[in-house]
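Here the structure is laid out as structure tokens; the discussion comes afterwards.
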Amino acid sequence: MTLTDNGKDWLARNAGVNNCFASSGVSYKDLEGNSHTGSTTDVAAMLVVAMLVGDTTTEIVNGKSYEDFKSANDGYDIDIEDVKTVYDLQEATTPYCAAVATPTPTPTPTPTVTPTPTVTPTPSPTPTPVPNAEVCAYVESAGKGNLTWNHVLAIYYKHVDLDDLADSQLKKIPEDKRPDSIPDPTSWNQVLGVYYYYLELYSMGDAKLGCGWS
Numbered sequence: 306m307t308l309t310d311n312g313k314d315w316l317a318r319n320a321g322v323n324n325c326f327a328s329s330g331v332s333y334k335d336l337e338g339n340s341h342t343g344s345t346t347d348v349a350a351m352l353v354v355a356m357l358v359g360d361t362t363t364e365i366v367n368g369k370s371y372e373d374f375k376s377a378n379d380g381y382d383i384d385i386e387d388v389k390t391v392y393d394l395q396e397a398t399t400p401y402c403a404a405v406a407t408p409t410p411t412p413t414p415t416p417t418v419t420p421t422p423t424v425t426p427t428p429s430p431t432p433t434p435v436p437n438a439e440v441c442a443y444v445e446s447a448g449k450g451n452l453t454w455n456h457v458l459a460i461y462y463k464h465v466d467l468d469d470l471a472d473s474q475l476k477k478i479p480e481d482k483r484p485d486s487i488p489d490p491t492s493w494n495q496v497l498g499v500y501y502y503y504l505e506l507y508s509m510g511d512a513k514l515g516c517g518w519s
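As structure tokens, this is what we get:
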């Protein structure tokens, strides 16, 4: 599984701000059609979930679906390692930006109109999440660095009321890391928090869930 330059450009244009990866201000949807605002990394995480559960046609960002992303990504799927790549590019000193096509010059030059400068809005401060004690206990039962992908899928399925699938994922977790039960997240951000803890992106996890692992 590979994230190509074309795939990165697709993310920058459809899940970024001003054609660049962004840590905030990106509007997207989960697979149930609920709207969220977050980062380019959040959208990449949502694309991974869509791929893993086989929902490739539901709109996720900018009117486009996982299928649209995969087509732009030269036919390759996205995986969890690619999400880490997106995060690194997003948090770089100069975030990744899509390549801008150079326009073909016209033979007859036309007068240049000076564009009105774009005023960049001041981003609103990100509120500190209120930890969900049950979800924090869920991740802490495995221990830092020991979460499995089954932990992520189990809590995702619980969030979307697919309890049978959630229970089947719970049973796949090794006994020494398996919690007694799966808590019911109160928001998509809490699911993302578990996902980021699994990726060992602890600051991102704390920003979503607030368990204090960073």
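Convert by adding 305 to the 1-based position in the sequence shown; the result is the number in the working numbering.
We treat Cβ as the ideally placed atom computed from N, Cα and C, and that holds for glycine.
Beta-bridge pairing of residue i - partner residues as DSSP gives them
i           : result
residue 482 : DSSP, once it has assigned bridges, lists no residue as partnering residue 482.
residue 340 : 334
residue 329 : According to DSSP, residue 329 bridges with nothing at all.
residue 364 : 370
residue 457 : Residue 457 pairs with nothing; no bridge assigned.
residue 402 : 325
Pairwise C-alpha distance: residue j and residue i
i           : j           : result
residue 440 : residue 346 : 21 Å
residue 362 : residue 321 : 20 Å
residue 443 : residue 515 : 13 Å
residue 323 : residue 369 : 17 Å
residue 498 : residue 511 : 7 Å
residue 453 : residue 341 : 25 Å
residue 399 : residue 326 : 9 Å
residue 392 : residue 401 : 10 Å
residue 460 : residue 372 : 24 Å
residue 319 : residue 330 : 12 Å
residue 508 : residue 494 : 14 Å
residue 487 : residue 481 : 15 Å
residue 467 : residue 496 : 14 Å
residue 365 : residue 505 : 24 Å
residue 451 : residue 472 : 19 Å
residue 517 : residue 503 : 14 Å
Buried or exposed (CB count within 10 angstroms, at least 16 for buried), residue i
i           : result
residue 479 : exposed
residue 314 : buried
residue 513 : buried
residue 328 : buried
residue 305 : The displayed coordinates of the chain run from 306 to 519. Any statement about residue 305 would go beyond what the structure contains.
residue 332 : exposed
residue 312 : buried
residue 387 : buried
residue 405 : exposed
residue 449 : exposed
residue 477 : exposed
residue 349 : buried
residue 377 : buried
residue 339 : exposed
C-beta atoms of residue i and residue j nearer than 8 Å
i           : j           : result
residue 351 : residue 335 : yes
residue 381 : residue 375 : yes
residue 446 : residue 395 : no
residue 475 : residue 483 : yes
residue 354 : residue 384 : no
residue 438 : residue 317 : no
residue 465 : residue 337 : yes
residue 379 : residue 309 : yes
residue 463 : residue 485 : no
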